[in-house]
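Contents: one structure, followed by commentary.
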Amino acid sequence: MSYSKILLIASAVFGVIGTFMGGHMAGAGSPALRPVHAHILVVGWLSLFSWAIYYKVYQPKKSWMTAAHVWTALIGTIGLTSGMYVFMLDTIPLPDLFSLLFYIISGTILTVSYVLFLILAVKTPE
């Protein structure tokens with residue numbers, strides 16, 4: 006499966022999760038999920054979708070950098086959003102330090118993905 010398709014499917018999954026989460030917040034009248042909801046839609050849906058479009062339009066050659074970008078994007082997005090959910094809502098009884106580190110390390114992995122994308126965007130010819 007192409008990187009574009011992988012990222013597109015992942016963005017669709019995050020879009021569905023974010024939509025259900027938003028509906029739940031509206032129905033419950035509680036803003037407790039707002040930060041997680043925002044990150045699921047902005048990082049999970051919007052960023053992954055824009056990267057899927059990049060891979061479809063520019064079609065960069067597969068390399069260690071494109072593979073690293075896609076995998077850090079997926080791992081970082083899943084880790085950041087699930088880590089935020091667990092850390093902020095304390096839904097799973099885990100030690101606070103573990104939850105915090107999971108959340109922070111995943112965010113760092115996602116940051117690496119953004120840096121890799123910047124490098125790819127700059128070096129990919131038009």
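For what it's worth, this note's numbering labels the leading residue of the sequence shown as 6, then goes sequentially.
Glycine included, every Cβ here is placed at the ideal spot set by N, Cα and C.
Give the secondary structure of residue i by DSSP, where H, G and I count as helix, E and B as strand, and everything else as coil.
i: T129; result: coil
i: D95; result: coil
i: P100; result: coil
i: K67; result: coil
Quick one: using the 10 Å Cβ neighbour count with 16 as the cut-off for buried, is residue i buried or exposed?
i: T96; result: exposed
i: I52; result: The amino acid occupying residue 52 in the given sequence is Ser; Ile does not appear at that position. Result: buried.
i: A72; result: exposed
i: A37; result: exposed
i: S104; result: buried
i: F122; result: buried
i: M6; result: exposed
i: W69; result: exposed
If you follow the alpha helix (DSSP H) that residue i is part of, which residue opens it and which one closes it?
i: A17; result: Y8 to A33
i: V41; result: R39 to H44
i: S52; result: No alpha helix (DSSP H) holds S52; DSSP gives it neither H nor E.
In chain order, what residues of the same chain have a beta carbon less than 6 Å from the beta carbon of residue i, not counting five sequence neighbours either side?
i: G20; result: W50
i: L46; result: G23
i: S111; result: G81, G84, L85 and G88
Which same chain residues end up closer than 8 Å to residue i when comparing Cβ atoms and leaving out the 5 residues on each side of it in sequence?
i: T116; result: G81
i: V91; result: I97, L99, S104, F107 and Y108
i: K67; result: Y8
Apart from the five residues on each side of it in sequence, which residues of its chain come closer than 7 Å, Cβ to Cβ, to residue i?
i: Y8; result: Y60, T71 and V75
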